[in-house]
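J.: Take this structure first; my questions come after.
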Amino acid sequence: MEDPVNEVAAVTDRAIDLLTTYGLSVIGAILILIVGWILAGWISGAVRRRVEKSATVDRTLGHFLSDVVRYAILAFTVVAVLARFGVQTASLIAVFGAMGLAVGLAMQGTLSNVASGVMIMVFRPFKVDDYIDAGGTAGTVKNINLFITELATADNVKIIVPNKELWDRPITNYSVYDTRRLEIAVRIAYGDDIQVGLEVLRQVMAGDSRVLGSPASTAFVDSLGDSSVTLIARMWVASADYWQAKWDLTHRVKEAVETAGLSIPFPQRGVHLIGEARAAE
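Each residue of the sequence shown is one higher than the last, beginning at 5 in our numbering.
In structure tokens:
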């Protein structure tokens, strides 16, 4: 029968051997985890704060980059811990890489939207509350995130547009500048006095406080049509006043032209009935 004292001593020796072999590795792994966790939080927070202070980058991108940095540091921390215990990390990294490639191919469309969302947030071709037109999709920007952009049309209909579709199209931003040029065209008859028509346009523009003094307003003859002369009233207004000014001034121009005794011709066609004319003969 085995001596209990010797058995206890053997177990103690094995425990000491295990502690000696793996104790330092365990302590080192715990330290690596703690340091990695602290670094992930500190660096990701610094990235988020730096992006949020930037006037050219959207805050949503700051949160996204912060999360990417955080999880990347934690992933390297896990790999370092496994290496501490002798795990072959090269094959593990290869497996993770293959998995990442497979996921990337499966989510190609989604990742394209994310990439386009990042580009939109970095270069900022538009921002929330801007009115834009991208390839025929027009509306006021209500929300921007990494995947989609939300627009509201002029009649308040919600449109969800994937970021890739916006980024791949020419974007017209009507709100980026404080002023816009406004043109109103009016046609008068060939028999009317052109100088009177131009003076009428100048007076209408001068009588509206929304018309800016600089750049200066102007009125000119634009074209000679088949049955009329086209005059243009060109002026500059604040972007916020553009549509209301266009509607009001178009109304006033029409009334002023008629009050001045000028006529606004409209296309007319004469129909000659050849058969009836011959019968009358």
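By construction, the Cβ of each residue, glycine as well, lies at the ideal position given by its N, Cα and C atoms.
#1: May I have a chain-ordered list of the alpha helix (DSSP H) segments no shorter than 4 residues that lie completely inside the stretch 176-225?
#2: Quick check on residue 30: does DSSP put it in helix, strand or coil?
#3: Is DSSP giving residue 131 helix, strand or coil here?
#4: Please name the residue, chosen from 42, 40, 70, 44, that lies closest to residue 54 on a Cα-to-Cα basis.
#5: Classify residue 251: buried if its beta carbon has 16 or more other beta carbons within 10 angstroms, exposed otherwise.
#6: Helix or strand or just coil, what does DSSP make of residue 45?
#7: Going straight from the alpha carbon of residue 227 to that of residue 195, what length do you get?
#8: Flag this pair as touching only if the stretch 198-208 and the stretch 219-238 have three or more C-beta atom pairs under 8 Å; answer yes or no.
#9: Report yes if the CB atom of residue 177 is closer than 7 Å to the CB atom of residue 121, and no otherwise.
#10: Mind checking whether residue 39 and residue 73 have CB atoms under 7 Å apart?
#11: From which residue to which residue does the beta strand (DSSP E) around residue 161 run?
#12: Report the residue from 44, 115, 263, 184 whose alpha carbon sits nearest the alpha carbon of residue 247.
#13: Can you round the beta-carbon distance between residue 175 and residue 236 to whole angstroms, since I take them to be within the 8 Å contact cut?
T.: Short version:
#1: 198-210
#2: As a first step, residue 30 must be located in the sequence shown, where it is residue number 26. Helix at residue 30.
#3: Numbered from its first residue, the sequence shown carries residue 131 at position 127. Residue state, collapsed to three classes: coil.
#4: For the purposes of this step, residue 54 is taken as the residue at position 50 of the sequence shown. Ranking 42, 40, 70, 44 by Cα distance to residue 54 puts 70 first.
#5: Residue numbering aside, residue 251 sits at position 247 when the sequence shown is read from its first letter. Residue 251 should be labelled exposed.
#6: One-based indexing of the sequence shown puts residue 45 at position 41. Helix, per DSSP.
#7: Along the sequence shown, one-based indexing puts residue 227 at 223. Along the sequence shown, one-based indexing puts residue 195 at 191. Answer to the nearest angstrom: the Cα atoms are 15 Å apart.
#8: yes
#9: Here residue 177 refers to the residue found at position 173 when the sequence shown is read from its first residue. Here residue 121 refers to the residue found at position 117 when the sequence shown is read from its first residue. Not in contact: residue 177 and residue 121 (Cβ atoms no closer than 7 Å).
#10: To locate residue 39, count along the sequence shown from 1; it is residue 35. To locate residue 73, count along the sequence shown from 1; it is residue 69. Their beta carbons are not under 7 Å apart, which means residue 39 does not touch residue 73 by this criterion.
#11: Position 157 of the sequence shown, counting from 1, holds the residue named residue 161. Here residue 161 belongs to no beta strand (DSSP E), and DSSP marks it neither H nor E.
#12: As a position in the sequence shown, residue 247 is number 243, starting the count at 1. It is 184.
#13: Along the sequence shown, one-based indexing puts residue 175 at 171. Along the sequence shown, one-based indexing puts residue 236 at 232. Wrong, their Cβ atoms sit about 28 Å apart, outside the cutoff.
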